[in-house]
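2 protein chains.
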Amino acid sequence: MTSDPAELLRQNALSVTAQRLAVLRAVSARPHGTADTIAEDVRAEIGVVSKQAVYNALGTLVEKGLIRRIQPAGSPALYEDRVGDNHHHVICRSCGKTGDIDCAVGESPCLTAAVGIGAGAGFQIDEAEVIYWGTCPACLAAKPGN
Amino acid sequence: MTSDPAELLRQNALSVTAQRLAVLRAVSARPHGTADTIAEDVRAEIGVVSKQAVYNALGTLVEKGLIRRIQPAGSPALYEDRVGDNHHHVICRSCGKTGDIDCAVGESPCLTAAVGIGAGAGFQIDEAEVIYWGTCPACLAAKPGN
DNA sequence: CTCAAAATATGGACTCTTTCAATAAAAATG
DNA sequence: CATTTTTATTGAAAGAGTCCATATTTTGAG
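Residue numbers (the working numbering), protein chains in the order written: chain A, 1 to 146; chain B, 147 to 292.
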């Protein structure tokens with residue numbers, strides 16, 4: 001097992017830098033954070049970091065599969081720690097709160113259902129991205145006419 | 147039935163303007179177009195149109211449910227004609243080609259599967275957005291090592 | 001058909017997120 | 001340690017959308 005972040009980076013042929021380690025920590029500490037909030041967290045930990053370094057680190061880590069990027073409509077990209085377990089997301093339309101939803105249909109849910117149907121015929125599908133849109137409990141309670 | 151676009155607008159309490167009619171036509175004529183390509187089509191039809199008018203029209207039409215907006219990660223928003231039939235989309239990672247995929251699981255597919263599970267508990271979900279990512283036939287053929 | 005009120009469109013500035021590029025600074029390598 | 005390679009920094013800039021004040025159209029009522 002590789003629970004050591006530095007070791008994790010080395011295993012992926014990446015230099016071990018303070019920035020990357022801090023980004024990695026920030027992402028686990030605050031799932032569903034944006035590049036911006038992550039940058040803040042990183043700065044709180046190691047001082048000055050360029051915005052670009054954060055974007056680079058996030059991009060590289062996503063490429064290597066160490067973290068996952070979610071890009072919901074109308075909001076900046078979010079990053080999270082949980083990878084490889086095919087889960088989906090639910091996002092609140094009014095406050096933007098994001099939650100995880102485990103896939104109810106085994107490994108690759110809707111994925112299998114769609115291959116080679118209709119206009120999508122012939123596509124080689126490698127990922128099914130599912131986002132549930134709705135209203136979170138807090139916003140439901142705050143809504144008028146409730 | 148209301149096959150007349152102008153009538154459609156009136157039924158939704160919208161003023162009938164040349165811009166809106168042209169936008170409506172452009173969206174049906176070219177499904178999965180971006181605000182930009184739609185603006186081009188509209189200009190080809192009625193001459194000068196401000197970018198803002200196109201965004202306004204698109205926004206309003208989406209609100210009224212006359213067209214649908216899709217916002218794939220890493221690309222501008224796309225608009226399409228087909229509404230109310232709960233279909234999904236497949237997007238090619240290399241060329242961006244977008245296709246429709248009918249839902250294989252009846253009315254609201256993955257939607258029902260998820261309510262009240264895990265961290266998403268308590269959310270009132272109103273839409274399940276599914277995007278399949280992969281490679282289209284053409285790009286598959288063009289790929290090296292094929 | 002005509003005019004005032006309401007709804008839209010125009011143009012241009014501006015925001016936000018992300019990327020590019022050149023230079024400087026750290027890591028990895030032997 | 002010295003060198004080579006990989007990263008980080010900084011500042012500019014692109015892309016997509018939005019905001020605002022003003023000018024035009026539509027609508028609806030005489």
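Where a beta carbon is used, it is the ideal one built from N, C-alpha and C, also for glycine.
Interface residue (Cβ-Cβ distance to chain B less than 8 Å): A/G134 is classified as such. Closer than 9 Å at the C-beta level to chain B, one finds these residues of the segment 70 to 81 of chain A: I70, Q71, P72, A73, G74, A77.
For the set B/A164, B/G220, B/I271, B/E186, the Cα lying nearest the Cα of B/S240 is the one of B/G220. Within the same chain, V169, A181, I184, A185, V188 come within 7 Å of B/V200 by CB-CB distance, once the 5 residues on both sides are set aside. In the three-state reduction of the DSSP assignment, A/V16 falls in the coil class, being assigned neither a helical nor a strand state. Judged by DSSP secondary structure, A/A128 falls within the beta strand (DSSP E) whose first and last residues are 124 to 135. CA-CA distance, A/D126 to B/P218, rounds to 15 Å. At least 8 Å separates the CB of A/I67 from every CB of chain B. Bounds of the alpha helix (DSSP H) holding B/I192 are 181 to 192. Identification of chain A residues near B/L204 by a Cβ-Cβ cut-off of 9 Å yields none; the smallest Cβ-Cβ distance measures about 14 Å.
Taking 8 Å as the cut-off, the Cβ atoms of B/Y278 and B/H233 do not count as close. A Cβ-Cβ contact shorter than 8 Å links A/I70 with A/L78.
The C-beta distance from A/D81 to A/I67 rounds to 6 Å, short enough to fall under 8 Å. Each of B/K197, B/N202, B/V194 was checked against the Cα of B/S161, and the nearest Cα belongs to B/N202. For A/G59, the uninterrupted alpha helix (DSSP H) segment begins and ends at 51 to 63. For B/L154, the enclosing alpha helix (DSSP H) starts and ends at 151 to 157. With respect to A/T135, A/H32 sits apart: the two C-beta atoms are not nearer than 8 Å. The Cβ neighbour count for B/A175, taken over all protein chains shown within 10 Å, is under 16; the residue is labelled exposed. Selection B/A284, B/A164, B/D248, B/D246 evaluated against B/E191 yields B/A164 as nearest (Cα-Cα). The beta-carbon distance between A/L140 and B/Q157, rounded to whole angstroms, is 31 Å. This is too long to meet the 8 Å contact definition.
Here DSSP, grouped into helix, strand and coil, assigns B/C241 to coil. For A/A128 against B/V276, the beta-carbon gap comes to about 6 Å, under 8 Å, which counts as contact. Of the candidates B/G211, B/P222, B/G242, B/G211 places its Cα closest to the Cα of B/D231. Of the candidates B/V229, B/I247, B/G242, the residue whose Cα lies closest to the Cα of B/A284 is B/G242.
Linking A/V62 to B/G268 through their CA atoms gives a straight-line distance of about 30 Å. According to DSSP, residue pairing for A/H88 in a beta bridge involves A/I101.
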